[in-house]
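If you're matching them up, the sequences are chains A and B in order. Residue numbers are given in numbering that gives the first Met the number 0: position 66 of the first sequence equals residue 65, and the series is strictly consecutive. Residue numbers are given in numbering that gives the first Met the number 0: position 8 of the second sequence equals residue 7, and the series is strictly consecutive. Cβ coordinates follow ideal geometry from the N, Cα and C atoms, glycine included. Below is one structure, written out as C-alpha cells; comments come after it.
Protein chains: 2
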Amino acid sequence: MAKRTHKGSVTIKDIVAETGYSLGTVSRALNGKEGVRPGVKKRVEEAARSLGYRPNLGARAMRSKNFGNVAFLANMSNIAFTRIAQGAQGYLKQRNYSMSLCHIDDEDCISQIAHYMGKQQFDGVMLSPNCEPSRELSDVIISAGLPHVLINRVMPGLSGGVIIDYYSSVAEAMDYLIDLGHRGILIVGGSANILPTTRSVQAYRDVRRKRGLDGTREYIACRHIDERWGTEAVQSNLDDIKAGRITAILSLNNTIFIGVLKELRRNGVTCPADVSLVSFEDGQLLSLLEPPITAIVRPLLEVGVRAAERLVGLLGEKENDEDAAEAVPVEVRTHLVKRESCGPARRPD
Amino acid sequence: MAKRTHKGSVTIKDIVAETGYSLGTVSRALNGKEGVRPGVKKRVEEAARSLGYRPNLGARAMRSKNFGNVAFLANMSNIAFTRIAQGAQGYLKQRNYSMSLCHIDDEDCISQIAHYMGKQQFDGVMLSPNCEPSRELSDVIISAGLPHVLINRVMPGLSGGVIIDYYSSVAEAMDYLIDLGHRGILIVGGSANILPTTRSVQAYRDVRRKRGLDGTREYIACRHIDERWGTEAVQSNLDDIKAGRITAILSLNNTIFIGVLKELRRNGVTCPADVSLVSFEDGQLLSLLEPPITAIVRPLLEVGVRAAERLVGLLGEKENDEDAAEAVPVEVRTHLVKRESCGPARRPD
DNA sequence: ATGAAAGCGCTAACAA
DNA sequence: TTGTTAGCGCTTTCAT
Chain A
0 MAKRTHKGSV
10 TIKDIVAETG
20 YSLGTVSRAL
30 NGKEGVRPGV
40 KKRVEEAARS
50 LGYRPNLGAR
60 AMRSKNFGNV
70 AFLANMSNIA
80 FTRIAQGAQG
90 YLKQRNYSMS
100 LCHIDDEDCI
110 SQIAHYMGKQ
120 QFDGVMLSPN
130 CEPSRELSDV
140 IISAGLPHVL
150 INRVMPGLSG
160 GVIIDYYSSV
170 AEAMDYLIDL
180 GHRGILIVGG
190 SANILPTTRS
200 VQAYRDVRRK
210 RGLDGTREYI
220 ACRHIDERWG
230 TEAVQSNLDD
240 IKAGRITAIL
250 SLNNTIFIGV
260 LKELRRNGVT
270 CPADVSLVSF
280 EDGQLLSLLE
290 PPITAIVRPL
300 LEVGVRAAER
310 LVGLLGEKEN
320 DEDAAEAVPV
330 EVRTHLVKRE
340 SCGPARRPD
Chain B
0 MAKRTHKGSV
10 TIKDIVAETG
20 YSLGTVSRAL
30 NGKEGVRPGV
40 KKRVEEAARS
50 LGYRPNLGAR
60 AMRSKNFGNV
70 AFLANMSNIA
80 FTRIAQGAQG
90 YLKQRNYSMS
100 LCHIDDEDCI
110 SQIAHYMGKQ
120 QFDGVMLSPN
130 CEPSRELSDV
140 IISAGLPHVL
150 INRVMPGLSG
160 GVIIDYYSSV
170 AEAMDYLIDL
180 GHRGILIVGG
190 SANILPTTRS
200 VQAYRDVRRK
210 RGLDGTREYI
220 ACRHIDERWG
230 TEAVQSNLDD
240 IKAGRITAIL
250 SLNNTIFIGV
260 LKELRRNGVT
270 CPADVSLVSF
280 EDGQLLSLLE
290 PPITAIVRPL
300 LEVGVRAAER
310 LVGLLGEKEN
320 DEDAAEAVPV
330 EVRTHLVKRE
340 SCGPARRPD
C-alpha cells in the first residue's frame, strides 16, 4: 500500500524507513551477505517484498562492477545461433544472469563488436563473428578487457571457447559418401577463414588423401553464409555436376543448402540419382524434403549451455588475467543422420 | 596514449583533466546540449575520442532515467519472432537504442513478464506473450509503468500495438479453398484466446456463413503453438480426413504445420489429392516441400520495424500518461502465395 | 557560457 | 552485528 506510483520506484531507502535499520544493514541483508542476524534478514526481506522493492541494477553495477548481464554477439539471421542463444540463456537464467542478444551484421563486424564490448553493460560476452579472424579483431576483443567465450571460432591470442567438432563430422560424412562410390564431392560453405570452414576443408582433404583420392580433383566453394552463395556455387560447378564429375554435394550450412537445392532443381538435377546431398541441419527442414536429406546434426542447445558455463566460470575467476589465455576449447560432437538423399554414385558420362 | 588499461575505463573526469574544462561543461558538450561554444565542444569531443571515452550508460541512466535500451519479450523458439526482432533491432539501432531480446516460456509467462518489466533497465518494451490475455496480465504490464507495444496481441485496458491482419489473410485463403470446392476445412492453430487465433477463427466462421456453409460442420483445433499439437490435431480428425469429410487444412503457424504434415504423411494421406494444405509461412520451408505449400506470407521484418517505431514514439511523448491508451493498433497486411498444395476437393466417400 | 555542487541508488570500507 | 560515510560516473540545478 505504501507502493509508490509509477517509475519513481521503491529504493533501499524506503526499506530503511519501513524497518528502521540502516542502509548498510539493509543492503547486506538483501544481498545475503554475512553479518546479519537471521531475524533482521527476514524482516528486511519481508519489507522489501511488501513494498515491491526491485534493485536498481544500474546503480548496483556502478558500485560493484557487476552487471548481472552478459552479451551474446552473432549474426542472428543464422537460425543456428538463435538455438545456441536459447541454450545459453537457459543456463544463465538459472545462474541469475540475464543475457542481451546482439545482432551483428557480417560487414563492418569489427566495429560492431567494439561497440558492444565497449558499452559498459556486460560482465562478459559470448561471440561468434562471421568476419575473418585477424589481429585487429583480436586486439579489439582483448583491449575491451572483458571475459569472453568464442563460439565456433579461433582467433590469434584468444583463449579457446566452445567449438563444434566439424572435423569429425565432415570426415564421417566423407567416408560415408566415398563408401557409396563417390569421388567428385563438392563442399560448399561460408567464409574460408572461419573455423567451421577451415576444419571442414581440412577433413575433406585428409579423408580424400587417406582414401587415395588425392590424385583426383577437389571441389571447394566456401565464401558466404547465405542462400545466394549456395545458388552461385552450384551455378559455377554446373558443368561438372551435369557431366557426372561431381556426384555429391556437402553443404556446411543450412541456409546455403537451400540455395544449392533450389538451383539444382531449377536445372533439373535430381537427387539422389544425379547427385547425392548432405547438409548440416539447423531445423526441421531437411527431414521433410523429398527426398529427405542426410544431415549432420549439431547439439546446438548444448553448445549454448557450454558456452554460458564457460563464461560464468570466467566471471568467477575474476582477476586471473593472463592464465585463462591457455584454456583449451570445449569440443562438441555431432552425429550423422542418414536419410534418402545419398545413393551410389552415377558413372561419369 | 593516456588510454587507461583494462576496465578501469575512461570517465568524464579524465576528459576534464585533459581539457581543463569543468565537469558540467564537458557533460553538456558531450550531450550536444546548448550553452557550449562550438570551439569548446570540438575540443572536448576530440579529447573524448583520443582518450577512448565511452559513456557509462548505467550512471547516465541513474540520473536521467533514460536507459537507451528497450526489451523485446516473446517466445523465441517461434522463428517468426526472431525475424520480427530483427526488424525491430534494425530500426532501433538507427535511433540509437539498443534492444535486449528476452525469451519467455509459455508457461508461467506472467511472472516472467513481471520480472523483465521490473528490472529497471528498459525505457520500454515490445511484447507478445503466448499466455491467455487476462486482467492479471494487463495489471502487471500497466503497473510496471513502462511504455509498451503489444505485437499480435490485444489485452483489456492496454493500448493497441502492431497486429497482423489475420482476419483478411484467413478470409482470403478460405475463399480460395471454397472456390476450389472445399467444404470441410480444418483450421489448426495456437492458444484459442490469443489474437491470431481469435481473428482467424472469426474469419473462418464469417466466410463460411457468407458462402452458405453455416449448415455444415466446422472443424477448429486451436491449442498450442508447437509441432506436437499439429500432430495431435491431425490424429483426432483422422477419420474425417480419411473419409473425405475434411478435404483441406489451414494451419495458422509454421511449426504446427510441420506436425500436421508429418502426421498426414505417416498415415498415407496425400496432398493435394486427398487433402489441400495452406499454412502461414515463417521461413523457406514451405516452398521447398513436395508439393510446394500454398502459404500466407507475413511481412515479419516490417512488423518489427512498426513496433519499434511505435515504441520510440511512445518514449518521445513521455509524460502523456493516459492519452496513449486510446491508440489504435497498426495493422499489417499479408499476402497469399498460391502453390501446388491446393487442388479441387475430392468427393466424400 | 561556464563552474560548483548536489545527488541518482547502491555497495564497501570503516567505525562503533 | 550494526551504523555511518564516501563515492561509483553521470546529469542537472544553481550560481557566476
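The beta carbon of Phe-80/A lies closer than 7 Å to those of Ala-73, Asn-74 and Ser-127 in the same chain, with the five residues before and after it left out. Annotation: the continuous beta strand (DSSP E) that includes Ile-162/A extends over 161–163. The Cβ neighbour count for Thr-215/A, taken over all protein chains shown within 10 Å, is under 16; the residue is labelled exposed. For the stretch 263–296 of chain B, the set of residues with a beta-carbon nearer than 7 Å to any beta-carbon of chain A comprises Gln-283, Leu-284, Leu-287, Leu-288 and Glu-289, in chain order.
Between Leu-249/B and Ile-184/B, the CB-CB gap stays under 8 Å. Contacts between Gln-88/B and chain A, judged by CB atoms closer than 7 Å, involve His-102 in chain order.
Taking every protein chain shown into account, the CB of Val-327/A has fewer than 16 other CB atoms within 10 angstroms, so this residue is exposed. Among the residues of the stretch 48–59 of chain A, those with a Cβ less than 7 Å away from any Cβ of chain B are Arg-53, Asn-55, Leu-56, Gly-57 and Ala-58, in the order of the chain. In the three-state DSSP reduction, Met-98/B falls in the strand class (E or B).
Chain B has a Cβ within less than 8 Å of the Cβ of Gly-117/A. If you check each beta-carbon in the stretch 70–81 of chain B against every beta-carbon of chain A, the ones closer than 8 Å belong to Met-75, Ser-76, Ile-78 and Thr-81.
For Ser-8/A, at least one C-beta of chain B is nearer than 8 Å to its own C-beta.
Within 8 Å of the CB of Gln-93/A, no CB atom of chain B is found; the nearest one sits about 13 Å away. Contact fails between the stretch 81–88 of chain B and the stretch 143–159 of chain A, because fewer than three Cβ pairs, one in each stretch, are under 8 Å apart. Collapsing the DSSP output to three states places Glu-131/B in coil. Within chain A, the residues whose beta carbon sits less than 9 Å from that of Met-61/B are Asn-55, Gly-57, Ala-58 and Met-61, listed in sequence order. Ile-257/B belongs to the set of residues whose beta carbon lies under 8 Å from a beta carbon in chain A. A straight line joining the alpha-carbon of Arg-182/A with that of Lys-261/B spans about 34 Å. Between Asn-253/B and Gly-282/B, the C-beta gap is smaller than 8 Å, which places the two residues in contact. Taking the Cα of Asp-138/B as reference, the smallest distance to any Cα among Asp-122/B, Gln-120/B, Ile-109/B and Met-125/B is reached at Ile-109/B. Under DSSP, Tyr-218/A takes part in a beta bridge, and its partners are Leu-185/A.
For the stretch 114–143 of chain A, the beta-carbon criterion of a distance under 8 Å to any beta-carbon of chain B is satisfied by Gly-117, Lys-118, Gln-119 and Gln-120.
The beta carbon of Asn-266/A is closer than 7 Å to those of Leu-237 in its chain, skipping five residues each way along the sequence. In the DSSP assignment, the residues bridged to His-147/B are Val-124/B. Using beta-carbon distances, Leu-310/A does not count as an interface residue toward chain B, since no partner is under 8 Å. In the three-state DSSP reduction, Ile-103/A falls in the coil class, being neither helix nor strand.
Leu-260/A reaches chain B at Leu-287, counting residues in chain order whose Cβ is nearer than 7 Å. Ile-193/B: not part of any beta strand (DSSP E); DSSP gives it neither H nor E.
Distance from the CA of Leu-284/A to the CA of Leu-284/B, rounded to the nearest whole angstrom, comes to 6 Å. The C-beta distance from Gly-34/A to Arg-27/A rounds to 6 Å, short enough to fall under 8 Å. Against chain A, the CB of Ser-340/B has no partner CB under 8 Å away; the residue lies outside that interface. In the three-state scheme derived from DSSP, where H, G and I count as helix and E and B as strand, Ala-47/B is classed as helix. Within the model, the alpha-carbon separation for Gln-88/A versus Val-39/B is close to 45 Å. Cβ-Cβ separation between Ala-46/B and Glu-17/B: approximately 5 Å, consistent with a contact (criterion under 8 Å).
Beta-bridge analysis with DSSP links Ser-278/A to Ser-250/A and Ala-294/A.
Using a Cβ distance threshold of 8 Å, Leu-276/B and Leu-288/A do not count as a contacting pair.
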